[in-house]
DNA sequence: AGAATTATCCAAAGCGCTTTGGGGATCGAG
DNA sequence: CTCGATCCCCAAAGCGCTTTGGATAATTCT
């Protein structure tokens, strides 16, 4: 069933039917109701491709999804997506996800923009320098980053968590508790969120006249297996760290297991603070020793990004261009005074 | 840059340029190269909405994603998606995800079909009865289910894991080890995969003259928190179970924590077999006591579904309509002889 | 009552692409 | 030299929708 068939059946022109459906005023109340009813009965749904072609709008936001055999599913990603979806469903938006191999992302974005399928683009996993940001900046499609490239000034719209501040604060707490030997269990080094967290830690350490030995800084995907292995290595270090900062509760999961396995007591022999993205399936308060965390909901970030993107497309002008969210430090049992 | 501009610039007609670009034979080698080069230089990418409108093909597969404030991110979902993406990227396909509140899914699918944005539809989280399946069956768009509705005969294309068989086999193993008191930590009851797993367990129990007390069967979302709480309740049961089947490693995570907290030894005091979807961030072999599992890769299922869907659209006829994958029973340390 | 609005509706153009149905050269064959 | 093939290429229609620019009939104003 298309517009033509529907209008034929009603004995009206396509113009009128289209207007009735889209709430334009140039149509009488009576016909409008008749049209609406017929659309309902016949189950008419407009063809979005045609709509998009005619209006230039698609009610959809695009994102490219990295795909490679070695890249598995990421719970952080789906958590974020659920937030984005929450907002999208309210406004009848949808997403188009273009999978791309990591070395072809720029092209994937280009295709996405040119495709005419999307009104706006969302970008995550920011690196530095990031050619994707350059591309977006020079094209005319609305976009929004989750994260920032490095540096102080930013001439692009973003929503980011103050990762540096979060880890700075966390490290400060640990320093106050008397810790001197730190380790870092971080996400992939190329991502700026990881870099910033490292900087936050190093800054706090430097202020205390300390530093982070390279062999006690680990970078990897944020899964429990990586956390386990890295922590085992940390524990075998001649100067075993007593305080560790951890970029994700997923990493912490493995790390805690390694700590237990070594017969150490979390919060006593060794303190740990993890960043908590509030993954719905992995809550830090449920660990056998509840985890002290820096918290910032990924889902909320997704929802907010959806809100801003959709708002911008609708012409809202009261939306901030750039937002930096502070993470919340929540002290639980995994942190305690430094041993001896 | 659109086709018209490109062809003007080349002094050719849109027809010729289009044909050159799409590899039709009615164009000389020389012009073809000239066109290709110009397209390259100008960065011309065809407008997909227009292409879709003209051809009826979109190189995209659609899926609806349940969205509600109380639904968080699901690592199973993103694991599956990564498999789907792996296949999609090979063929330059993309997805469109339509978020929908749980009570509006049928409509969301209708819109998706009518939208003209997608060539095929993928459906997961099958329930019984499932109105979405009815809808798909009666519409003419290609589709594929991950899972099945209940019953023996199925007149729709699907890929499913033999959930009943998996839990039957798992229960058999436990029975052989002498266990008599079972518990079940399952996914949401409305999903058929959960129902089937329960049936598998009950069948094995019945064959041994045993049964599953209702209070020892727990249904919920598959996260660690739910696993922890349910297991705590199980352990408080007057007839504490010695064997538990668990629908996910995420649930097992919480369950194991409850077991440890109670001072029980996994694989000695209590045995546990979990279904392993091979979540990349949560491997059963890395648990402090490695988990015995029934394994079936969600990612592989995603890839296979992508393969079949894309293959079908390309006209391949050598693809099976229905596939049932056996899960692999992998014995590790979380299972042992029944105590006393 | 005649003019000026106002309320409804329609025909047709256009979004960017593919595809049908030719049409003019070029070339070897008769 | 002419005729049918063979190559290349083009004009125009059509995909399903929105939107511009009227047209017609019904109201209101003076």
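Protein chains in written order, with the numbering used here: chain A, 83 to 422; chain B, 83 to 422.
Cβ atoms here follow ideal geometry from the backbone N, Cα and C, with glycine treated the same way.
Because the structure is a prediction, the values reported are computed rather than measured.
Chain A places no beta carbon closer than 8 Å to that of residue 238/B, leaving this residue out of the contacts.
The secondary-structure analysis by DSSP pairs residue 357/A across a beta bridge with 376/A. Of 192/A, 332/A and 358/A, the smallest CA-CA separation from residue 362/B is found for 332/A. When the alpha-carbon of residue 177/A is set against those of 186/B, 199/B, 161/B and 172/B, the nearest one is in 199/B. Taking 8 Å as the CB threshold, residue 199/A lines the interface with chain B. Against chain A, a Cβ distance below 9 Å from residue 125/B picks out 192 and 196.
Sequence-distant partners of residue 408/A (beyond 5 residues in either direction) whose C-beta falls short of 6 Å from its own C-beta, in its chain, are 244. Annotation for residue 211/A: no beta strand (DSSP E) segment contains it, and DSSP assigns it neither H nor E. Selection 157/B, 165/B, 156/B and 143/B evaluated against residue 148/A yields 165/B as nearest (Cα-Cα). For residue 206/B, the CB contacts under 6 Å within the same chain, skipping 5 residues up- and downstream, are 228 in chain order. Taking the C-beta atoms as reference points, residue 127/B is found nearer than 8 Å to residue 192/A. Listed in chain order, the non-local C-beta contacts of residue 281/A below 7 Å within the same chain comprise 246, local neighbours out to five positions each way being set aside. The beta carbon of residue 130/B sits closer than 8 Å to some beta carbon of chain A.
In this structure, the CA atom of residue 306/B is about 30 Å from the CA atom of residue 405/B. Separation of the CB atoms of residue 256/B and residue 325/B is rounded to 4 Å, and the pair is thereby assigned contact status at 8 Å.
Between residue 319/B and chain A, the shortest Cβ-Cβ separation is not below 8 Å.
Remark: C-beta atoms of residue 187/B and residue 214/B approach each other more closely than 8 Å.
The beta-carbon of residue 88/A is placed no less than 8 Å from the nearest beta-carbon of chain B.
Between residue 343/B and residue 378/A a beta carbon distance of about 28 Å is seen, past the 8 Å cut, so the two are scored as non-contacting. The continuous alpha helix (DSSP H) containing residue 289/B extends over residues 274-289. Taking the Cβ atoms as the reference, residue 346/A lies roughly 15 Å from residue 373/A, outside the contact range of under 8 Å. Runs of beta strand (DSSP E) with 3 or more residues, each lying fully within the region 133-221 of chain A, are found at 142-148, 176-182 and 202-205, listed in chain order. Here the alpha carbon of residue 288/B sits roughly 16 Å from the alpha carbon of residue 298/B. Of all residues in the region 107-123 of chain A, none has a C-beta nearer than 9 Å to a C-beta of chain B. Residue 389/A and residue 152/B have their alpha carbons spaced roughly 18 Å apart. Taking the Cα of residue 314/A as reference, the smallest distance to any Cα among 330/A, 334/A and 329/A is reached at 334/A. At a cut-off of 8 Å between C-beta atoms, residue 179/A counts as an interface residue with respect to chain B. In the DSSP assignment, residue 405/B falls within the beta strand (DSSP E) that extends over 404-407.
Only exposed fits residue 413/B, as fewer than 16 other CB atoms lie within 10 angstroms of its CB. In chain B, no part has a C-beta under 8 Å from the C-beta of residue 313/A; the shortest such distance is about 12 Å. For residue 243/A, the uninterrupted beta strand (DSSP E) run begins and ends at 240-243, by DSSP. Listed in chain order, the non-local C-beta contacts of residue 95/B below 8 Å within the same chain comprise 89, local neighbours out to five positions each way being set aside.
Interface annotation, residue 151/B: in contact with chain A, CB-CB separation under 8 Å. A Cβ-Cβ distance of about 7 Å is found for the pair residue 92/A and residue 116/A, placing them in contact under the 8 Å criterion. In terms of CA proximity to residue 398/A, 224/A leads the group 312/A, 224/A, 338/A and 235/A. Boundaries cannot be given for residue 231/A, as no alpha helix (DSSP H) includes it and DSSP labels it neither H nor E.
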